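Have a look at the structure below, then the notes.
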Amino acid sequence: MPARITACYPDKPAKESVLFEDSHYQVGRDHDCEVRLNHPSVSRKHAFVESSGEHWFLKDGLSSNGVKVNGESVVDRELSTNDLISLGDINCLFELQSQQQLDATNAHNAWRIQQSRKSYNELAHQSLLDALDEQLFSLLNLTGTQRGLVMLGNSPETLTVCAAKGMSRQEFHHQSFEGSVGAMQLALQRKSPILAMDVRLEHQLASRESIQRKQIAALACIPLLSDNNLVGVVYTDSKEANKVLTELDLEILNLVSEQIKINSEAIVLQNEISAILSHIPEHIFAQKQPIKEQIFAAVH
């Protein structure tokens, strides 16, 4: 039957080692030891652990500080499950484990890692999206418009709705968008904000079916640019006939859009980090190297 040794260090995390039946293991501080215990109180070749059939045996390897099992000094001893082995200042818990138990533990540990990553990614992403919703809500309140949305993407073809108020993001399609796709296209072409008071009188927009069908009276569309590269777009409109978008509204739109842009850049960066982390093999996370080195290794 396989076994597990859990070495408990006084000043760092415990180390687990799995031992398989019909095998011989050297335990000590030396790099060649199959079970390496890196502590000054442990001898280079401190002890030996081996199995014979269903039985496991521990033998002192002429260590400087000796070997104890459950507090008793020993030279050669058969081990039982839950025995506490003391090698110098390191206490090691010895446990017999079936292969099914080992497989279940490994699966559970993999699940824990997966869930911890998932929790971080989802919480970080959700927090940013919640902030985006709040910023869009603030923009509508401050400008007095009725509906709005924020789309993120680095090109018109990749724009995706990430926040919407007064309209359904699930039902958004370029062909049936309730707002004005024309205004959005114009803003993206010019890379500058588009504001229109009575868009039914705006010659570049009046022919749009969405304008005629929904009788949109005023709209604003602001591209979100970072170093002149598209990050997303903010759109808002109103069906009130007397709605006027003033210079103050434009200033407010620009200020809130700038906040939205910063948040949008954070969302894009977070998505990139999530994508990188999802492709990093599990064994890299187990290595004791700085996370910076891990990420660069994964990228290159």
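For the sequence shown, position 130 (counting from the first letter as 1) is numbered 130 according to full-length UniProt numbering, and the numbering increases by one without interruption.
Note that the Cβ used here is the ideal one computed from N, Cα and C, for glycine as well.
Note that the coordinates shown come from a computational prediction; the quantities given were computed from them, not determined experimentally.
- Hey, how far is the Cα of I273 from the Cα of N154? Here residue 273 refers to the residue found at position 273 when the sequence shown is read from its first residue. Here residue 154 refers to the residue found at position 154 when the sequence shown is read from its first residue. So the alpha carbons of these two residues sit roughly 17 Å apart.
- Counted within 10 angstroms of its Cβ, other Cβ atoms place T145 as buried (16 or more) or exposed: In the sequence shown, residue 145 corresponds to position 145, counting from 1. Looking at its Cβ environment, which holds 16 or more other Cβ atoms inside 10 Å, T145 is buried.
- Item | Classification of A14 by the beta-carbon crowding that lies within 10 angstroms, buried from 16 upward | Taking the first residue of the sequence shown as position 1, residue 14 is located at position 14. Looking at its Cβ environment, which holds fewer than 16 other Cβ atoms inside 10 Å, A14 is exposed.
- Taking the alpha helix (DSSP H) that G182 falls in, what are its first and last residues? Locating residue 182 in the sequence shown gives position 182, counting from the first residue. G182 -> alpha helix (DSSP H) spans V181 to R190.
- Message: Measuring only the C-alpha atoms, how far is I211 from P223?
- Response: To locate residue 211, count along the sequence shown from 1; it is residue 211. To locate residue 223, count along the sequence shown from 1; it is residue 223. Confidence at I211 is low in this model, with a pLDDT of 45, below 50, so the placement of that residue is unreliable and no value is reported for it.
- Message: Which same chain residues end up closer than 6 Å to C8 when comparing Cβ atoms and leaving out the 5 residues on each side of it in sequence?
- Response: Looking up residue 8 in the sequence shown gives position 8. Hits under 6 Å: A14 and N91.
- Message: Let me make sure I understand the geometry here. Which of S86, Q270 and L159 has the alpha-carbon closest to that of V42?
- Response: Residue mapping note: residue 42 aligns to position 42 of the sequence shown, counting from 1. Among S86, Q270 and L159, the Cα nearest to that of V42 belongs to S86.
- 6 Å CB neighbourhood of H6 in its chain, flanking five on each side removed: Your numbering for residue 6 matches position 6 in the sequence shown. A small correction: the amino acid at residue 6 is Thr; His does not occupy that position in the sequence shown. Counting only Cβ-Cβ distances below 6 Å, and skipping sequence neighbours, we find A14, E16 and L93.
- Query: What's the C-alpha gap between K12 and N65?
  - Reply: Numbered from its first residue, the sequence shown carries residue 12 at position 12. Numbered from its first residue, the sequence shown carries residue 65 at position 65. Going by the C-alpha atoms only, they are around 21 Å apart.
- Counted within 10 angstroms of its Cβ, other Cβ atoms place T143 as buried (16 or more) or exposed: On the sequence shown, position 143 is the one that residue 143 refers to. Label assigned to T143: buried.
- Item | Identity of the residue in R112, T81 and C221 nearest residue 367 by Cα | Shown here, the chain extends from 1 to 300; a query on residue 367 therefore has no answer.
- What are the start and end residues of the beta strand (DSSP E) that includes R147? Numbered from its first residue, the sequence shown carries residue 147 at position 147. Segment R147 to L152, the beta strand (DSSP E) holding R147.
- Item | Selected residue, minimal CA-CA separation from S168, among V150, L250, L96 and Q185 | Stepping through the sequence shown from its first residue, residue 168 is reached at position 168. Checking every option, the nearest Cα to that of S168 belongs to V150.
- Item | beta strand (DSSP E) segments (min. 3 residues) lying fully within the segment 216-249 | Taking only runs of at least 3 residues, the beta strand (DSSP E) segments lying wholly in the segment 216-249 are 218-226 and 229-238.
- Message: Going by C-alpha to C-alpha distance, which of A220, L245 and D249 sits closest to Y235?
- Response: Taking the first residue of the sequence shown as 1, we reach residue 235 at position 235. Out of A220, L245 and D249, A220 has the C-alpha closest to the C-alpha of Y235.
- Message: I'd like the list of long-range same chain contacts for K165, defined as Cβ closer than 7 Å, with 5 residues on each side in sequence excluded.
- Response: If you number the sequence shown from 1, residue 165 lands on position 165. Cβ within range, chain order: L136, F137, L140, R147 and G148.
- Query: Using DSSP with H/G/I as helix, E/B as strand and the rest coil, what is Q126?
  - Reply: Within the sequence shown, the letter at position 126 stands for residue 126. Helix, per DSSP.
- Under the three-state reduction of DSSP, which class applies to S264: helix, strand or coil? By 1-based counting over the sequence shown, the position of residue 264 is 264. S264: helix per DSSP, three-state reduction.
- Query: What are the residues that DSSP puts in a beta bridge with L87?
  - Reply: Here residue 87 is taken as the residue at index 87 of the sequence shown, counted from 1. In DSSP, L87 forms a bridge with V67 and I90.
- By how many angstroms is the C-alpha of A163 removed from the C-alpha of R190? Mapped onto the sequence shown, residue 190 falls at position 190. Mapped onto the sequence shown, residue 163 falls at position 163. Rounded to whole angstroms, R190 to A163 spans 23 Å at the Cα level.
- Task: Confirm, please, whether the CB-CB distance from V49 to D60 is below 8 Å.
- Result: By one-based count along the sequence shown, residue 60 stands at place 60. By one-based count along the sequence shown, residue 49 stands at place 49. Taking a C-beta distance under 8 Å as the contact criterion, D60 and V49 do not qualify as a contact pair.
- For P193, I'd like the list of residues in its chain whose CB is within less than 6 Å of its CB, leaving aside the five on either flank, ordered along the chain. As a working mapping, residue 193 is identified with position 193 in the sequence shown. Only I222 meet the Cβ criterion.
- Message: Please state the DSSP three-state secondary structure of T158.
- Response: Mapped onto the sequence shown, residue 158 falls at position 158. Reduced to three states, the DSSP call for T158 is helix.
- Query: Leaving out five residues before and five after S23 in sequence, what residues of the same chain have Cβ atoms less than 8 Å from its Cβ?
  - Reply: On the sequence shown, residue 23 is found 23 positions in, with the first residue counted as 1. So the qualifying residues of the chain are E50 and S51.
- Message: For E258, tell me which candidate among V231, E240, K45 and P10 has the shortest Cα-Cα distance.
- Response: Against the sequence shown, residue 258 aligns to sequence position 258. Selection V231, E240, K45 and P10 evaluated against E258 yields V231 as nearest (Cα-Cα).
- Task: Answer with buried or exposed for N263, where buried requires no fewer than 16 other C-beta atoms within 10 angstroms of its C-beta.
- Result: In the sequence shown, the residue the question calls residue 263 occupies position 263. Buried: at least 16 other Cβ atoms inside 10 Å.
- Grab the span of the beta strand (DSSP E) containing G28 for me, first residue to last. Locating residue 28 in the sequence shown gives position 28, where the first residue counts as 1. H24 to G28 is the extent of the beta strand (DSSP E) around G28.
- Message: Tell me the residue span of the beta strand (DSSP E) that contains C8.
- Response: One-based indexing of the sequence shown puts residue 8 at position 8. Run containing C8: A3 to C8, per the beta strand (DSSP E) assignment.
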